[in-house]
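First to last, the sequence lines map onto chains A and B. Here the first sequence stands for residues 1 to 151, numbered as in this note's numbering. Here the second sequence stands for residues 152 to 528, numbered as in this note's numbering. Idealized CB from N, CA, C, for every residue including glycine. This one's a predicted model, so the numbers in the text were calculated from it and none came from an experiment.
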Amino acid sequence: MTNEELQAYLAGEFSNAEVKQGKQYIEMLVRAADLHETAVQLKMAPVLSFDYLFCLSGVDYPDTMQVVYHLESVTHRHIVVLKVNTADRVDPLLDSVSDVWQTAKYHEREVYDLLGVKFNNHKDLRRLFLDDTWGFPLRKDYKDEVRIVER
Amino acid sequence: MSEIKEIIMHSDKIHTDEYLVNMGPQHPSTHGVLRLLVRLEGEIVHNIQPHVGYIHSGIEKMCEAISYPQVIHLTDRMDYLSAHMNNEAVALCIENALQVEVPERVKYIRTIMDELSRLASHQLWWCVMGMDLGALTTFFYGLRDREHILDIFEETCGARMTLNYSVPGGVMFDIHPNFQKRVKDFIKEFRKKLPEYDELLTGNVIFQERTKNIGYLSLEDAIAWGVTGPSGRGSGFSCDVRKHQPYSAYPLVQFEEKLDTKGDTFTRYRLRIEEMHESLHIIEQLIDNIPEGDFAVKMKGVVKLPEGEFYQRVETARGEFGVYIVSDGKKNPYRVKFRSPGFSNLFALNKMAAGHKIADLVAIMSTLDLVIPDIDR
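Structure follows, in C-alpha cells:
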C-alpha cells in the first residue's frame, strides 16, 4: 500500500478519527474513548498489522495532555503516528495499550512517572525513575525552587 | 525504607520455597547502576523486575531550557558508547526540519564515524561479555584494539568518548590530515585481529555451553517488546534502520543486514561479531572516496525550528534510537523525547531469562549490551 492509499484506507476505516498527512508520517488523532479499540484494529487488521510500537511519548500542551504512539508494521513497513488527547489536563486518564503492544507497559510507566498520565487496566502502574515524593517534572507548570533556576 | 515496603508488598505472592534477591544496584554484571529484583527458587529464576532510575538525570527536561545545538551536547551523555550516532540523530532531525541539505563530504564523514563508533562499542561489549562469564583475557584484547579507534577520534574530534562532532549543518571540524591513513591502518590491523576474537571466545567449549540454547527470545516477542539492534536481529526481527530508512551515506554503500532466527544468547553474540566485519566493509567503501568540499553549511547563529513535530531514527550500536522534537517556533524545543534502544531491550529480559539459572541471567544480560544512562536518561 502506498502512503496515499494507506491514508485513504485509515480515513475510511476509522471515521471518528482525524487522519492527515503530517510533515513526515501519517498522523491520526483519535478520541480517548476509541483509543483501545483503534489500537487493537491497527495491530490485528492484516492489511495494517502495526505490530511494532517504536516510540511512546507524552506531551504537555496548554489545554491537554497528549500521548503519541509511533507505530510501524514489520510486514508492510508503513508508519502511522497515533495521537490521543486527554479530556482533563490536570488529572489525565487514558486506556492502557500494554495488552496490545507489550513494550507499552514500561513506556506508559515512564509517561505516568514524568507527566502524570494515568492508564486504565495497566497491571503495574508505578513510578519508574523517580520517588513517590516527586511531582511530575515534565509538566510545564512544574516548580522546583532548589533544582531549577529561572533566568 | 521503600525497599522493605516493596518486599512486604510482594510478600503475599511469595511461596515458601521462593525468595527475593536484589541484584544490584552495585553489581558488576549490570554495567552501571541497575537493580534487578529477582525471584528465585533455588538457582532457578522465576521472575525479574528491573528497577531503573538510579542515574536518571532529567535530560529531556533540561532540553526544554536550552537551544537546539546545545541539545546535541547532552545526547552523548546518554549512550556514551554510541555518542556519535546520538549526536547525528539530533543533527539530522534539525536539518530535516529546516530542510538544510548537507554537503556530500559531511555524509561520508558522519557514516565513517558511525561505523567506527559501532566498532568501538562492539569491541567493549565483546571484552565485557567475556569478563562477565569469567574470561578476563578478553578484556585486555578488546580494550587494546578499541584504543586505536579512540585515538582516531581524539585526533579529529578532540574527545575520546563524548565526541560532540555532529552539529546542525555538518560536522564541527574538518577531518584531521592523518585521518584517512590512520583509519586504513586500523582496518588492516583489525582484520588480522578479529579472528583472534573467535579463537579466544567463540570457539571455546565452556563459552558455547553457557550461551547456546540459553535465553531464547521469539520473533513475536522481539517485535512486541520492541527489542532492536543485534539483540532483535538475533530473533529474526529485521529492524536495521540503516537498511529500512537509510540516512547519511548508507544508501551509497553495500552491506548486509545480519539476521538469524535462533534467538538464543549465542546467536546474539555471533551477530555482533559479524556486524564488526560489516562495519569494516562499510568503512572500506567510503574512506578513499570522501569527496572534497565544505565540512559544514553555514547556519544561522540562532537555530529556530518551524512549528511542528519532527522525528528521526538512527541505528546505534544497541538498536534503534529515536529523537522526537516538538517545536513551537521558539529557539528552544517545546518537548524532546529520546527513544532509547536500551530501554525497550532491558524490559524483555524477564521474557528471556525466566526459567534459567541465575548464572545464565548474567550471560543473557551481557548480550543485551545495556548502557544504563541510555535507559535512565
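Should Tyr348/B go down as buried or exposed, given a rule of 16 or more other Cβ atoms within 10 Å for buried?
buried
Give the residues from the stretch 456-468 of chain B that approach chain A closer than 8 Å (Cβ to any Cβ), ordered along the chain.
Gly459, Glu460, Phe461, Tyr462 and Arg464
task: Compute the beta-carbon to beta-carbon distance between Val172/B and Val189/B, rounded to the nearest angstrom, for a pair I have assumed lies under 8 Å.
output: 5 Å
Three Cβ pairs or more, each shorter than 8 Å: is that satisfied between the stretch 452-464 of chain B and the stretch 473-486 of chain B? Verdict: yes, contact present.
So which residues on chain B does Arg77/A lean against when the C-beta distance must stay under 8 Å?
-> His395
- Please check if any C-beta of chain A sits within less than 8 Å of the C-beta of His207/B. yes
Checklist line | Buried or exposed by the 16-neighbour rule on C-beta atoms within 10 Å, applied to Ala240/B | finding: buried
Self-check item: Cβ of Arg228/B within 8 Å of any chain A Cβ
Solution: No, Arg228/B lies away from the interface with chain A (no Cβ there is under 8 Å from its Cβ).
Using CA coordinates, which residue listed in Val448/B, His235/B and Asn247/B is at the minimum distance from Ser272/B?
His235/B
Discussion item. As an exercise, report each continuous beta strand (DSSP E) stretch of at least 3 residues that is fully enclosed by the stretch 174-261 of chain B, in chain order.
Written reply: 186-192 and 195-202
Contact check, Phe54/A vs Gly473/B, beta carbons under 8 Å: yes
Worksheet item: Does any CB atom of chain B fall closer than 8 Å to the CB of Thr103/A?
Response: yes
Margin query: Using C-beta distances below 7 Å, list every residue in its chain close to Phe406/B, excluding the 5 sequence neighbours before and after it, in chain order.
Written below: Glu429, His432 and Ile433
| Which two residues bound the contiguous beta strand (DSSP E) that contains Arg464/B? | Gly459 to Glu466
Identified DSSP bridge partners for Lys488/B:
Looking at the DSSP output, Lys488/B bridges to Tyr475/B.
- Message: So with CB distances below 9 Å, who are the chain A contacts of Ser478/B?
- Response: In chain order: nothing, as chain A lies at least about 11 Å away.
(request) Tell me, to the nearest whole angstrom, how far the beta carbon of Phe388/B is from that of Ala373/B; I am working on the premise that it is less than 8 Å. (result) 4 Å
* Asked: Start and end of the alpha helix (DSSP H) containing His70/A?
  -> His70/A -> not in any alpha helix (DSSP H); beta strand (DSSP E) instead, spanning Met65 to Glu72.
Check: From what residue to what residue does the alpha helix (DSSP H) around Met1/A run?
Finding: No alpha helix (DSSP H) holds Met1/A; DSSP gives it neither H nor E.
| task | List the endpoints of the continuous alpha helix (DSSP H) containing Cys308/B. | result | Thr288 to Cys308
Only counting the same chain, and skipping five residues up and downstream in sequence, which positions put a Cβ closer than 6 Å to that of Gln200/B? Leu188
- Would you mind sorting Met44/A into buried or exposed? The rule is 16 or more other CB atoms within 10 Å of its CB. exposed
Are Leu437/B and Ile263/B close, meaning C-beta to C-beta below 8 Å? yes
task = Within its chain, find whatever has a CB closer than 6 Å to the CB of Trp101/A; leave out the 5 residues flanking it on each side and keep chain order.
result = Leu53
Q.
the ligand MG and Glu150/A: does any heavy atom of the ligand fall closer than 7 Å to the residue's C-beta?
A. This structure simply doesn't include the ligand MG, nor any ligand for that matter.
- Task: Could you check what DSSP says for Cys278/B in three-state terms: helix, strand or coil?
- Result: helix
Three or more beta-carbon pairs under 8 Å between the stretch 275-295 of chain B and the stretch 240-260 of chain B, yes or no? no
Q.
Let's test the definition: count the other Cβ atoms within 10 Å of the Cβ of Tyr170/B and tell me whether it reaches 16, buried, or not, exposed.
A. By the neighbour-count rule (16 or more Cβ atoms within 10 Å), Tyr170/B is not buried but exposed.
Q.
Against Tyr52/A, what residues of chain B qualify as contacts under a CB-to-CB distance less than 7 Å, listed in chain order?
A. Those are Ile374 and Gly377, listed as they occur along chain B.
Checklist line | Cutoff 8 Å: Leu94/A Cβ touching any chain B Cβ | finding: no
Original post:
Name the DSSP bridge partner or partners of Ser430/B?
Top reply: Per the DSSP secondary-structure output, Ser430/B pairs with nothing in a beta bridge.
query = Touching or not, the stretch 327-341 of chain B and the stretch 392-406 of chain B, by the rule of three or more beta carbon pairs under 8 Å?
reply = no
Check each candidate in Tyr398/B, Glu211/B and Cys390/B and name the one with the smallest Cα separation from Thr75/A. Cys390/B
With 16 other CB atoms within 10 Å as the buried threshold, where does Leu128/A fall? buried
Quick one, which of Asn3/A, Val68/A and Gln24/A has its alpha-carbon nearest Val117/A's? The shortest CA-to-CA distance from Val117/A to any of Asn3/A, Val68/A and Gln24/A is the one to Val68/A.
* **Contact check, Phe498/B vs Tyr106/A, beta carbons under 8 Å** => yes
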